[in-house]
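Report on the structure given below.
In the numbering used here, the protein residues as written are 2 to 130.
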């Protein structure tokens, strides 16, 4: 699927220390909805394909790390030559579309833990089957 991507937006990112008995949590969701450009110059671009907002809310407590990260990352994507609905996009395509947002969560987590814990912690999310 050919796409035109716009900037990734970190709507929120929150880091907290948690106790050693904190229950593990890996809640990373992907949602997608069609959006219409409000800028008149962008409205003409809809002839090339639909615009969608990809949203990735997350709440993660990784094993034996002592921290929790949560927040939401979004991105506007134009699917070139695709005029269908978000629900009709194949799961493999949705995974490819959302992967840069998930990588942003991994990168932010590593950078924040490198400062907060004096050791960067890598999260490596894999898509569920």
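Note that beta-carbon positions come from the ideal geometry of N, C-alpha and C, so glycine has one too.
Unbroken beta strand (DSSP E) run spanning residue 32, endpoints: 32-36
Cβ of residue 59 within 8 Å of Cβ of residue 11? no
Nearest neighbour of residue 13, chosen from 97, 41, 44 and 70 [CA to CA]: 70
Apply the 10 Å Cβ neighbour rule to residue 63 and answer buried if 16 or more other Cβ atoms are within range, or exposed otherwise. buried
State buried or exposed for residue 99, treating a residue as buried only when at least 16 other CB atoms are found within 10 Å of its CB. buried
DSSP three-state label for residue 131, please. It is not possible to answer for residue 131, since the shown part of the chain is limited to 2 through 130.
C-alpha distance - residue 114 paired with residue 57, whole-angstrom precision: 20 Å
Excluding sequence positions up to five away, which residues of its chain have a Cβ less than 8 Å from the Cβ of residue 37? 44, 47 and 52
Among the residues of its own chain, which have a CB less than 7 Å from the CB of residue 19, if the five just before and after it don't count? 62, 67, 68 and 69
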